[in-house]
Each structure stands twice: as C-alpha cells, then as structure tokens.
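Residue numbers (the numbering used here), protein chains in the order written: chain S, 2 to 338; chain B, 23 to 344; chain A, 364 to 676; chain U, 69 to 356; chain D, 78 to 563.
Below you'll find the structure, written out as structure tokens, and then a few comments.
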Amino acid sequence: MTLPEDTILSVRDLRTWFKAKRSTAKAVDGVTFDLKRGQTLAVVGESGSGKSVTSLSIMGLLAKPGAIESGEILFRDRTGSVHDLARFAPRQFRALRGREIAMIFQEPMTSLNPLYTVGDQIGEMIALHEPVSRAEARKRALDMLRHVEIPDAASRLDDYPHQMSGGMRQRVMIAMALACSPSLLIADEPTTALDVTIQAQILDLLRRLQAQFGMSILFVTHNLGVVAEIAHEVVVMYAGRVVEQAPVLDLFAHQAHPYTRGLLACTPDAERDLCADGARRALYSIPGSVPPITALPPGCAFEPRCAYRIPACTEALPPLVRVGANTVSRCIRSHEI
Amino acid sequence: MSPVEAPLLSVEGLSKRFLARNGRVVHAVSDVSFSVRKGTTVGLVGESGSGKTTAGRTVLRLIEPSGGKAVFDGVDLFSLSEREMKAYRKRLQIIFQDPFSSLNPRMRIDAILGEALDAARFPRGSARKDRVAELLSIVGLSPDHARRFPHEFSGGQRQRIGIARALAVEPDFIVADEPVSALDVSVQAQVLNLMGDLQKRFNLSMLFIAHDLSVVEYLCDDVVVMYLGRVMERGPSRKVYAASRHPYTRALLATAPIPDPTRRRERVPLQGDIPSPLDPPSGCVFRTRCPMAIPACADIVPPVAHLGGDHHVACIRHAELA
Amino acid sequence: MLRAALNRLLGMAIVMALVVTIVFIIVRVTPGDPAAVMLGPDATAADIASLRQRLGLDASIPEQFVTYLGGLLRGDLGTSIFLNIPVAQALWLRAEPTFFLTIFSLLIATAIALPVGVLSAYWRGTLFDQAATTLAMLAASIPSFWLGLIFMQVFAVQLGWFNTSGFGGPGASFAERMHHLVLPAFTLGLISSALITRFTRAAMLDVLNDDYVRTARSKGMGEWRVVVRHAFKNALIPILTVVGLTAALLISGAIVTETVFGLPGVGSLIVSAVLRRDYPVIQGALLVVAGLYVLVNFIIDMLYLLVDPRVRY
Amino acid sequence: MAATAGAGMAREPNLLMRIASRPTALIGLIIVTIVIVLSVLAPLIAPYAPGQIAVRFRLQGPSLAHLMGTDELGRDVFSRVLHSGRTSLGVGFAVVIFASLIGVTLGLVAGFFRRFDAPVSRLIDAMMAFPDILLAIALVAALGPSATNVVIALGIVYAPRLARVVRASTLVIRELPYVEAARALGVPTPVILVRHVLRNVTSPLLVQATFIFANAILAEAGLSFLGVGISPDIPTWGTMISVGRQFLDQAPWIMWFPGSAIILTVLSLQLLGDGLRDFLDPRLAKDV
Amino acid sequence: QTAGGVIDVATIGEPPTLDPMASTADLVGIITQHIYETLYTFAEDWTATPLLAADMPQISEDGLTYTIPLRTGVTFHDGSEMTSADVVASLERWMRIASRGKQADAVIETVAATDDATVTITLNTPYAPLLSLLSLNNAAAIIIPEENAAQDPLEAYVGTGPYKLEARVPDQYIQLVRFDEYASRDGEPNGFGGARLQYLDEIRFVPVPDPNTRVEGAVAGQFAYVDQLPVEAFDRVSSGATEPVVLAPFGWPVFVMNTQEGLNSDIRVRKAIQAALAPEDMLLAAFGSENFFAVDGAWYPEGYVWHTETATEPYKPAGDTEAAKALLAEAGYSGQPLRILTSRQYEYHYKMAQVAQAYLEAAGFTVQMDVVEWATLTQNRANPALWDIYITHSPFLPEPSLMGIMSDTSPGWWATDAKHAAVNAFNAESDPTKRVALFEAVQQVIYDEVPAYKVGNFNALAAQSPKLEGVTVSPWPYFWNAYLTE
Ligand SMILES: Nc1ncnc2c1ncn2[C@@H]1O[C@H](COP(=O)(O)OP(=O)(O)OP(=O)(O)O)[C@@H](O)[C@H]1O
Ligand SMILES: Nc1ncnc2c1ncn2[C@@H]1O[C@H](COP(=O)(O)OP(=O)(O)OP(=O)(O)O)[C@@H](O)[C@H]1O
Ligand SMILES: [Mg+2]
Ligand SMILES: [Mg+2]
Ligand code: NI
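Below you can see the structure in the form of structure tokens.
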C-alpha cells in the first residue's frame, strides 16, 4: 500500500452499495480523492450524491444493507503506518474511531445524547481511549470546552444538551471530536443546520482549531460559499461519483466539469445577475433533476442534463482524467470546456 | 414617508405573542411594519426564529394577530370577521417551503388545483379541465400530469404545483415562505426563474421570506431584516445591500459565505447566540450581540429612523454607520 | 422540577375526578332501582325504602353525587351487599394475591421482554428477530384463560409441580401462597411480555437510528456499551410507559386468570360481584383499579422526570 | 435539506399490492379473508345446524362425519366453530365500527380544535384508566348481557384508544402546509376536516382498527368465558371454551378448536395490522 | 382413629350468610350444621332423631301438642348453658325469619317453656311434617342463645355444635375449630344423630366456585374433601390423588311450571310438555353416563319409603312427540314462545334445558331460553309474568311436604282443589304407614295436573382424600366423626 508521505487519507475507486431485494442503490460508485495532512478537503454535491455515505464508509459506520463493494480507503495513522479501512473488521475500527478519526454531524440538535451532560459525553470519549480517572476526564472535558470557546465553560460542563443552543451543541460536538486529538476530522455538513451568523462562528472556530491541533479535515457540504471559505481542495460529487477534484482556487476560477460549472452558475450573484437598473437576468439553471441512483444511465450520469452532451457520453462511464496540474475531471469533453 | 402610490399592503405595528407550554409568552413578532407596493416583491430575511413565518402567516390571518394593522387594498384585514375575511382569501395566497408536506398526498393534482378553483368559484365542467391544464403549463408542467399523485413528482415539480395552486385563484398578493430553501441548488434556480417570470407576467405583489441573502438580493425590490421578532432595517434592496445602516444587517451581509475563495474575508463573526424569544433582551433586542452596543441600547427600544427613500432603520447609532 | 411535578399532580387530579364521575355514571345507568335489585324479590316496600335511604338513592342526582364524593373523600367506598363488609375492606382482603400476581407477572414479562426486544431490534431482520416478533405476536393472540387452562393441565395436573387453584388455606406460609401464584403469574407474564417485547423492539429501533447512537459509535465505543448506555437508556422512556400500561392490562388479565386458577384476588372478587349483583363492590373495584392506573401513570411521569432531563425544566 | 426526490416515492396508492409484498402481512390477509369467508358462509358450509343436538353421539372425537368431533350434547363442533366465527367476527366488526364512530369524532375534535383539546384529552385519559375487560364487565353488568350491550361496552372501551391515535395524527396534520393552504384558500372547516384531515388519518386509523378488531375478539371471548358476555345460546368461541374446559380430559377437541380459531384469527389480524403499520405509518409503532 | 388434624373442604362457593335460619341454601346448611344444632335431626334412615332434645316429643292424642324434653348440660360456644328460654327464643326467631319456620308458623299456636328443660309446642291443626321441619339443616330451627335471638341479620355466630367459628375471610375460607366443651350425645353415631365425635382440630371450608377448578383441585389432592363435582369428572377424580365419593341417588332435577300465568296456566299445555320431554336424552346430556343418573318417574326412588310407581305412565323415557303434538293441537297452541328460565350456575340445568328445547321444538313449541345468573333466576322466578318453566333441582328430602310444589306460595303457585285434598290429608296424618299410602295420592295428583316435571334421579359426585375417613356419604356432608389416618 503506497501512500505519499503528505497524504493522510486516500480513497480509491470506492463503491458502497445498498443492496435490496429488487434494486441496488449505488450510493457511492467510484469515489476517488486524496486528502493531504493538515489540509481541508471539501466534498460538495447535491442532496443524495453520496457525501454522507462516503464519510460513513471511512468511519466504518455504514448502516445495514450498506456495504463497501470494492475500492480502497487508505489511511495513515499517527505512527505513520497505513491501513486500508475498506478491509477493516468492526473491532479494528473501534480503536481508530475517536482516537485517529473523529466525526461531527449535521444535526447538532440530535447528535448528542439527551440523557447525559455534555461534560459526561466529552469525558466518555477521553475515558474510552485513555486510562484516565473520572476527575481527570472531567478536567480534560472542561479544557476542551474552553478550546471550543464556550463562554463560562465551567458552568456549562454539567448542562444537558437541551439546555444549549444549536451553535453551542455543535461546539460541544467539536470538543468531543477533538478530545483525543485525532489526526483526521470528518465533518458532515456541520453548519448546514445553523444560522449564517453561527455558521460563520463555527467555520472560524474550525479554522483556528486546525491551526492549533493540526488535524486534517474532510468537510462535507453542499454550500459552495462554505467551500470557498474553508477548503484547500474540493471534490465535487454527482450521483455517487466524483466528477471533479481540484484545489479550491483553481476550481472556482475554472471548472473542468459541466456539472461544477452549472452548480456555480445557478446560485444567484447580484453582480452577475442584476442589471444596473435593477432588472433581473434569468438565472442559469440546470434543466431536469438528479436521476435516481437505483437506475443510473450506463454512461455519464449527468448527461441527460448536460449542455455539452454528445452521443459518446451515453456509451461508457467517463473515466476520471487529469485536466490541469492539480485537477481531475470525469468528463470526456473536459478539455473543450 | 414619501409614497409614490398607496401600497397594496401596508402592515403596521404587527405583533404576535404565543403562549408557550409552561404559560410563558413567546414574543414571536413585535411591532413589525412594512409595506408592499403593487407588482413588487419584498424580501423578509432573518435568522431562524426571528419571526418571518409568523409575520407572513398573520398577515394572511392564518394565525390570529395579537396586535397591529394590515391594510390591504384599503381594508384592514385584521378588523374583518372570519366571514368577511373569506372574500379576501382568494386575493392573498401562500406558497410553502416544504414541497413534500404542502400537497395532500391522497389527492390527485387536478383535485388539488380543483379545490383552489372551487374557492375561486370557478365553474365545474370541461372549462375547468382546460384551466387545470393551463395552470400546469404556466408553471412548466405538462397537462397530463393532472391525474397523478404528488408522490410521483420531484421536489422541484411539487413546488411548481404549489405555485400553480396559489395562482389558481388569481391572487394579487402572495406570501412565499422560503419556497426554494428545501430544493437542491440545481433546481432552486429553475424555481426562482419561474417565480420571477410569473411575478412580472401577472403583476403580482409578493412577500418573499428567505434566509439566503443572495436570493433576496436577486429577487426582491425591497427588503425587511428581522431579528428576534423585530424589524432592524428595511428599505429598497439596493440601498440596504449597498449601504446598510444597521449593525445587524451589516453583520449578516458580512458573514454570509460567498462562493468565491478570492474574496475570502478576514472578518469578526457576531459573537454569542440568538437570545430566547421567551425573554428577549430589554431595549434593542440585538444589543447582546451587537459590536456597537452601548449602555443606552438596553434602555429603550430604538425608534425607527426614516432615512429617506423608504429606508428605515431601528438603531440609535445608525448615524455612525453612514 | 417541582413545578413539573405539581403540574402532573394537577393533571392526575383532573383525570381522577373524571374517573370518579364516570364510575358514578356507570352505576347510575343501571336500569331499574338498584335497591330493589339488591334486596331481591322478597323485599317489602319498607325494606326497599330504607335501603334507598341508606344508599342515598332518594336524593336528587347532584345531591347523590355530592354524598358519593363526600364518602370517597372519607375513604368510604360503600358496603358490600353480599359480604356485608365495607367495600374497601373486601378489596383489601383480596389485595394480596392480585398485588403479587401483578408484580410477578410484570417481573416475568419484563425479564422476557426487555432482552428479547432489545436484541431483536439490534439484530433486526435476522432469524432471531423474526422468530421473536412472530412469537410475541402469537403470545398476544392467545386468550389468557386458554393458556392458563393449558398450563394448569400440564404443570399442575400432569406434572403435579404446582397447585391447580387457590391461594393456600388459612395460615399458609408466605412461600406456600407465592407457590400458588407461579402458574398464573407465568400465564399473565407470558402474554403481557408480548406487548412489552414489541414495544421495546420498536422503541429500540427508533433510538438505534438516532444520531447520538451514531455519535457514540463514532467515539469508538464497544457495541454492547452503545446499545445499553446510549440506546437502551433512551428507549427506556417509551418502554416505561408501556410497562405502566401493562400493569393496568394485567388487572384485566387478572380478572380472567384469577377465575381460571381460583385465586381469591380482586379480579375474582369482581367476577363474583357481577354474578352476585354486588354493585357497591363493582363500583369500588372500578374506582380503585382506575385510581391505581392513574397513580401508576403518575409514578411513571415522575420517573420520566428522573430519567429524562429534558422534561424537568 | 435532505429532502430528495426519492424520499417522496415512499407512498404508493395501491394498498393491496403493497400488502402482498410483505409475506407475513400477506399471510395475515389471506387467513383473515378465509376466516371471514368461512364465517359469512357458515350456514352454507356447516354440515350441521349449530344447535342440532344428538345426545347419543356426544363427545365423539374428530372423524369424517364430524371434522372437529362433537360436544357434550352431540353437536358438531366444526359447525359450531364456524357459526361462532360469525358472532365473534360480527361483534369484533361492530365494535370497531362503533368505537371508530366515537373515537374518530373525539379524536378529530380534540386534535383539530385547540380549545377542545384539553377537556377531551382528559376525558380520553380517564376512560383509558379502566382496564378493558373490567370496564366491559361493569358496563355489561349495568346494561345487561346481550350482544348489543357487549358491542356497546367494548366500543366504549376501545373508543378512547382510537381517539388517541386520531388525535395524535390530527395534531400533526393540522399543522401541515397543505391544511394551511386549504385554509388560505378559504375552504370551509368541515371540508378541511374531511378532505384533508380525515382522509390522511385513515392509515393509522386502519392499523389501529385492525388491532382493536383483534382485541375485541379476545375481549369478547374473555367475557363469554367468564359468563358475562353474550347470551350462552348464541355460540361464540369464548363460551365454547368455557364449556369445553369441563371436558378437557375426555374431549379436548371441544376446547382446542375454538381456541385455535381465536388464536388464528387474532394472530392473522395482528400480522395484517403489523404489516399495514409498517408501510402505512411507521410512527405509529410508538403509541398504543 | 386419632384425634387431631386439619382438613380443607372445597365448597361450591361463598355462603351468602352463616345464619342457617336465613337461607335454604344447601351450602349454608353444610357449613353451619357444624356450628349450630337443632332439636332434632335425621338418623341414617332419614327418620327424625333427637339432637338437642333429650328424646322424641310426646305428641298428644289429637296431634296438637308436642312436649319436647331438652338435654341439660349443653353449653353454647360462649360458655353459657342452654335452657328452654333459649329454645323458645330460637324457635320464635325461626318462625319469624326462616322460610320453613314461616311455613310452620301457620300451624303453630304457641311455643312455650314448660320448665327449664321442657318446651311445649301447640298446633292449631295436626301437622305431620313438623318434626322434619325441626330437623332440617337449612332454614333450620337452630338453637342459639336467647340474647342473640333478636339479631337480624345474625351477628354473633354462637351455637352448640361440635365446631365453632374461628375466622371467616370472605371468599377465602371459613375456619372452624373444635369446641372443647361440646356435649356429645352418648352412644354410637347414627346419621346426623347419635354421638358426634370430634377428631379433627380444624375444618376449613374453602370456596372454589369454579367446578373445573374444584376438579383440578381434587385431582391434584389439594383438598381433603371436594364437594359437588361435575359427574363427568368421575374418571379424572378416580385417577388422581383422591377417591371419588358417589351419593346415589342424590336428587332430582325438576322443571317447575308456572301454573298461575301464561302458557302453562293451561293444563293441556303442561300435559303436552310432559309428553314432549325425553328424560333419557336430557339426563344423558346432563350427566354423561348412565352410571350417574336413572330414568325414573317416581318422585322418590327405590329405597325410600315414599317410593311408588303410581300414576307414572305419562313419564316416557324417550318422550312422545306425537302425543305432545296432539295435546298441543287440542290446547289450540299458536306459537307463543314458551319461556324457559334457567342458569348456568349448575351446568346440567342448562344442558337439560338445551335438550328439552330441541324436543319441545320438535313437538311444535316455540321455545325462548332465558339464561340468567342464578341470583337473577331466584329473583325472576318469583314473578309469574316472567317465565313459563324454570329449572331447578333438589336432594331427596326426607319429608315430601318439604318439596317446593307442596306449598301454594312457592314459585309455580300450584293451588288446586285436587292438590289441597291430597296434600292436606297427607300432612294431617301422623301415622307413618298411613302416610305412605296417602303419598300415592299426592303423586297421582302431581302427574294429573303436572305442576312440575321430574326429569329423573341423579347422583352426586364428591371426592375425598384417601386419608380422610369416617365421612358418611350425604347430600350435606359433615365432618364430625371424621378423622385422618396416616
Ligand atoms: N440505509 C440506506 N439504504 C438505502 N439507501 C441509502 C441508505 N443510506 C443512504 N442511501 C442512499 O444513498 C444515497 C446517498 O446518500 P447520502 O446520505 O450519502 O447523500 P448526501 O450526499 O449525504 O446527501 P445530503 O446532502 O442529503 O446529506 C442516497 O440516494 C440515499 O438514498
Ligand atoms: N405555534 C407556536 N407556538 C409557540 N411558539 C411559536 C409558535 N410558532 C412559532 N413560535 C415561535 O415564534 C418564534 C418565531 O418563529 P417563526 O417560525 O416565525 O420564525 P422564522 O423566522 O420563520 O424561523 P425559520 O427561519 O426557522 O423558519 C420562534 O421562537 C418560534 O419558536
Ligand atoms: Mg448527508
Ligand atoms: Mg419559517
Ligand atoms: Ni416613511
């Protein structure tokens, strides 16, 4: 298993399927990306494009009919040895989770257990992985609450989750995730449920903590604005597949895939979409809607909605091709775009 | 005030209090005023819980208001009896956020639209079928979708049906409560375009509720910024976006992420959380998070200052932001 | 917390007041003159009149209600016509078998249901789950008297391990009395375990899909701990409700089971009271049983307050 | 944000097709149908009249002449089981109808009109405080034993259970945008109640009704067993068992067959209800 | 034969009262006969024999004066000694409260204490059944202390019997313990009479109302004695931990006709019913095996002095549907429902009713069954408007006058001149042998006028532990004289 020294996580052609009696949902069907140490990789895509399934596959937390069909998930732990998480047994995951890879979720309201105080829940994380006394775990939990900038941390330690606001809870989740200083943090839409002002606080916090703890972040989102704010690298997903990966500046400057291009064009932008007299120009919009993942066309999944489509698009799944220095794209016409 | 013409809808001093479970009072909307001119769209923005939905629904009398006036076409809707209100129902319509629960899953599309047509006293018979087909084509659906059930449509299509239902009674005024928030970005643009077109085509007036600032900037002529049930600032979009005079609006605009990494700003996000509407701060409700707060802010509810050109702001230090 | 408790107490009081009213109404809908019915055909008009007076039947309905309430407040449930002792005493004399029967059945039911429910939720869709679910449904379909008869036939008559009926004679030791309860308790316990199993499974399925369970797993916690500490504790809240509900259902079950096993409990007292037309006893039993149900619900509400920090605002 | 086009596809209108896709529910449906058909056609199918006495042939084991043997008066157990099914199912069905009439009304009123919610809910709570058999016994004792009174009593017993379910669903539906849309259109409240609310509570109602059907059959059997149910000359499974238990030794079939009939009917109703619930209304699993 | 031991006796239920004057229920009699005693009781051959009386009464020539000598040295459970004052007060209470006492009251002029140890009863007309009435254990003429005689209902359960009441937990048990100061008669036990020996320390009567539970309890050996088992359970009881006790014959089931009102006020209808019924099938359905019943139209079975076959021709074991049809046509019957009032307290009543229904319908009757609780039945049968036939049973009573139909006022209200002629002659005659002949006339009139239909004879089944000995088979089992063996 080869993995460049500076890469902490490399997902290679991952396929995670949900097999039912009649149909197979290919939720993740050929996802490939690399995450460099200390960097933030943003995964963007519309609802149902397989972002969460990808992150759960990495954590080994897939729910029942879901299973990794093929592919590799190479992960470099603290000691420098590389593991293929796609072949991990549940028991092996246990030592890894929390300690090496931690995760925060979209819904801060429900991701904390309502029956335990936040102090308990952070302390539990520490006690699971390190031989600490109760008092010590509590002290460390308090430290973490301070790290995530919860005001008056000492008095919030014994609060129950329902006594906190969404933003505070998300901070607690982050404190818990970082309690054992993992080297990789997976954040699955951590700000989607929050208000813009709180979202800004959390993004800010994550950036600062990254500088402080040095962890790499896999940041799942569907908001391109957030991507622009936080990511070093961006992976764009569509219908379970990676359609493009590029450094964030490159991606926003030039999109190699028609889908990425459409995605950027269809969010309203006053400078672009409003005339000087206030009249509106029609927004660019991608026609049609995402195909159901149980019945994907054999070729490019975006083809039916694509403005650049040619007959060849329907024939075979386009491969991921390198188009720029650091950009890969899954489009046979990337070079023409 | 310098009205060009009398607005179609003018809301004054609207407030709504809810009784919460344990007998405490939620001040969902307090003393909100704004007006909607004929053929224009007013955007209502604010963080969640700021009372946008409540304001929109009270105007339509879907919730009974606790106080204030809503003068629509010269009549105060709040002073009407439930029966008198009936006559106005078809002139005021609403579009919802959730495309899944806004259509009765057990009714076919023609029945859903038919219900609206009944309300408009549209005669039964073959004309009705044509009208349903017409409505469907107005929102970009095919007439043979009429016999389907809602679950057979995608989210975007359902939202179009919701719009068709609102249009069926040929209303003058529509409250659109976050109509695109639940949609995928790629579909969102389709619906926004449709709404923009229809507004022009039928000369509709619209109260457009959203929390996405860029959408409001794109679609709305005027904007009302709410925080914790109160209006912080309102005025023509261009003015508010370009030259906001309220620290909250400024903070909102500054913190909204823009999809452009080159414009990544080093900025200080607002500190703290939104206070509970159960006991809002005294004086200016925003003062607890306001970077410009001074002790005086706690004492009085800031009076609404009229800055000309229909631009109003509720901040005692608005002059310093000029 | 105190406030919440007081709130529940008030709710309980209102429900109890309604219960009392309902019982009053049920007894008053009895067609005909209860006094005449009670005294039988040989009674003279004078006897009936005096009984009417003693029962307060000559007063107007609202007055009767007030008297009845007054009696209740003094703990007076009336006097049994047949047994000629106060109803409260009659019920109290019969309380022991019913009390222990209910407790044992509940213990048996939960001892079966909780592990089975939790495991079948955890192993959802497996053979174990299917077997457990089907068995639970089967158990819920068996009339308790039928199961009781089968048990009696097999374990008491054929194998002779238990007594078929009764509660031991006078002076029977506690152990002896409890021995009489084994079969009825298993009958009722098995049948009511069905409901709790299904509920536990549903509640667990619900929680197992909750985000915080995923959070717990993402911490690197062992499965057992995730299930018990994080999932089960949350599922316990709805499960508590159904256990309370089962306690009430058990009283229904006890009526039939006690009759089958000849246990001198409240259940068989109720049946005899119906057969003997002992209206005050029926009335008193209804009231006491419903009151207990309300009380159990109240206790469960209080337990919620202990278990669930969200409700103690 | 998570709303996908796919999530909306979960509801298909064709109920039968969907039931058929679940084997246990299908088995339940088939058995229920068979039981209903057999009971309805009992007079045609039954080889003997249910009350036809032939004392000389009493207590005979199952044979070709008497598929389920004969009872203590020489009556044909098979014929009696079939005819009892009519009573048991009839009572169950009538109870469901009666309980639905009360329960749906109460539930809709409590759920839809805020001002009636508290009083009606408290009333429901109070009625639920009485264990089913106990309340039924008391009511039958008060009203006198007869099929009608058993139905009334059990109907009153189960109505609050239905009312609860209807209320809970109504509370949810009341707040749904499509109800609000109808109000915005000025649709009259009774029409909203029927067209939008009632129509959408049918799923949980149907599920609950199935369980109540099952429970009513069990409860009726219990009442008959105790001898406080329907008049004993109308054969029911409960009375058959209560008589049969005297002959458990010599003629176990008298008790076995009606017992099995109850178990089979109730079990299949429950399977059906469970299946219905699984795809009609998963939330319902939580309340009773 | 060792003293000591405790037995549990399963009874058919909780007695409504422990005052045997207040009730005619067999159950009350069975239990209370251990507590209280009467002046006379029945010997093995069902003749009256003295119990608290020292000797048989001296009856005056005209049959109107009974002089009864009392035993001395008999103590009540409260320690006081029985005197004639107690006896007079008790008998007066009996005449006031007990249904049989009321019956006797009609013929009794006075009851007076002649001296401390003698009581004199004066009648206004000769009345042969008096001694039997005084001997019965239900609605019984028990002797209680004078100071308790005013109690109604009885509150102090003080008698002179061999056992006294220790504790009563309703529906659980009635506990009797040996009365150590009991003064037994001398000599040998003789039926209910003679010496009463107290071996057992304690007798507990445990109500087990459910017959099946009683059977199971018997099979499991839970009780020393289990009363009133369904006869079908004979095989099970025989193979269990107990031994069956069969009392053959025990009594007779009877269909009582309402002669006062409704269909059955027409004697032709009653005759049609008499012809239609098929006792053989009815008894078979009710009692399962021929070992437990006898098809017998005579009102007393063989073995009783009263037995006679006189006039029993209309009693047809298989019924006579054709004859019934003819009688019915003659009566001009037009399909009004014949209401049969019955209960399931005694399952065999109900089974007989079901078979009867089948035969009556075959004969052309429309039958309406009113199945009610026993309590309701006892209530409803008092109302002539409610029924045409009700079903009951009775043990063979030692004195025919005690049968319900003999009284004009008992439900059925049979009161015709022919009846009065036969019955009064029977009651007034005190010579036993002449009375036997007079009873033939009574049976004749019963068959002529059909005030009731006797279905047949049936046996009773009880079960007792093999360790329990000394129990005499009896319709009213008693447990003095009984003892436990190892
Ligand atoms: N347990 C499951 N069984 C079947 N299909 C599943 C399951 N979980 C997820 N899927 C399917 O996998 C696809 C990808 O889901 P995923 O949750 O990864 O999307 P996502 O990109 O995270 O979307 P969102 O933005 O809504 O979170 C979806 O179409 C979903 O329907
Ligand atoms: N029926 C109600 N009972 C009690 N409180 C309510 C009710 N409806 C709304 N509220 C409260 O009123 C406040 C305003 O709610 P509203 O839904 O109007 O906010 P919003 O601005 O639309 O938020 P969002 O962006 O989340 O839709 C909130 O604090 C909410 O909790
Ligand atoms: Mg996701
Ligand atoms: Mg809203
Ligand atoms: Ni102005």
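Note that the Cβ used here is the ideal one computed from N, Cα and C, for glycine as well.
- With a threshold of 6 Å, the Cβ atom of T75 (chain B) counts as near ligand 4, since some heavy atom of the ligand is closer than that.
- Look at G90 (chain B): its beta carbon is at least 6 Å from all of the heavy atoms in ligand 2.
- Inter-residue distance for L608 (chain A) and A114 (chain U) is about 41 Å (C-alpha atoms, whole angstroms).
- For the pair R13 (chain S) and E73 (chain S), the CB atoms are nearer than the 7 Å cut-off.
- Taking a beta-carbon distance threshold of 7 Å, G99 (chain S) counts as an interface residue toward chain A.
- Spatial neighbours of Y143 (chain D) in its own chain (CB-CB distance under 6 Å, excluding positions within 5 residues in sequence) are listed in chain order as P134, I136 and I198.
- Straight-line measurement puts the Cα of G263 (chain S) at about 19 Å from the Cα of T315 (chain S).
- Where Q299 (chain D) is concerned, there is no enclosing alpha helix (DSSP H), because DSSP gives it neither an H nor an E.
- Listed along chain D, the residues sitting closer than 8 Å to T622 (chain A) by beta-carbon distance are D287.
- Taking every protein chain shown into account, the CB of I108 (chain D) has 16 or more other CB atoms within 10 angstroms, so this residue is buried.
- Counting C-beta pairs with one atom in each stretch, the region 156-167 of chain U and the region 339-346 of chain U have fewer than three that are closer than 8 Å, which means they do not touch.
- In this structure, L125 (chain B) places its C-beta atom within 7 Å of the C-beta atom of R180 (chain B).
- Within the region 476-510 of chain D, complete alpha helix (DSSP H) segments of at least 4 residues are found at 494-505, given in chain order.
- Under DSSP, Q541 (chain D) forms a beta bridge with D:Y302 and D:E320.
- Counting only residues of its own chain and dropping the five nearest sequence neighbours on each side, A566 (chain A) has a CB closer than 6 Å to the CB of A598, P601 and I602.
- Nearest Cα to S176 (chain D) within the set D:M429, D:A102 and D:P356: D:A102.
- Here the region 351-365 of chain D makes contact with the region 425-442 of chain D; the two share three or more CB pairs at distances below 8 Å.
- With its beta carbon less than 7 Å from one in chain B, G254 (chain U) belongs to the interface.
- According to DSSP, residue pairing for P601 (chain A) in a beta bridge does not occur.
- Going by DSSP, P91 (chain U) is part of the alpha helix (DSSP H) stretching over P91 to V108.
- Its Cα nearest to that of A216 (chain D), the residue D:S167 stands out among D:D248, D:S167 and D:L242.
- At a Cβ-Cβ threshold of 7 Å, S58 (chain S) and I69 (chain S) count as neighbours.
- Within the same chain, Cβ atoms closer than 7 Å to the Cβ of F518 (chain A) are found at W524, F525 and L546, the five residues on either side in sequence being excluded.
- Per DSSP, reduced to three states, the secondary structure at Y259 (chain D) is coil, with no helix or strand assignment.
- Given a length threshold of 4 residues, each whole run of the alpha helix (DSSP H) inside the region 267-307 of chain S is given here in chain order: 271-274.
- Ligand 3 has no heavy atom closer than 6 Å to the beta-carbon of S112 (chain S).
- Taken in chain order, the complete alpha helix (DSSP H) segments of 4 or more residues contained in the region 120-176 of chain B are 131-141 and 148-160.
- If you draw a straight line from the Cα of L84 (chain B) to the Cα of A579 (chain A), it is about 42 Å long.
- K37 (chain S) carries a strand assignment under DSSP once its states are collapsed to helix, strand and coil.
- Excluding residues up to 5 positions away in sequence, S443, V450, A453, L632 and A636 lie with their Cβ nearer than 7 Å to the Cβ of V644 (chain A) in the same chain.
- Under the DSSP assignment, H84 (chain S) falls in the beta strand (DSSP E) whose first and last residues are V83 to D85.
- Contact between V188 (chain U) and L169 (chain U) is absent: CB atoms are separated by about 15 Å, not below the 8 Å threshold.
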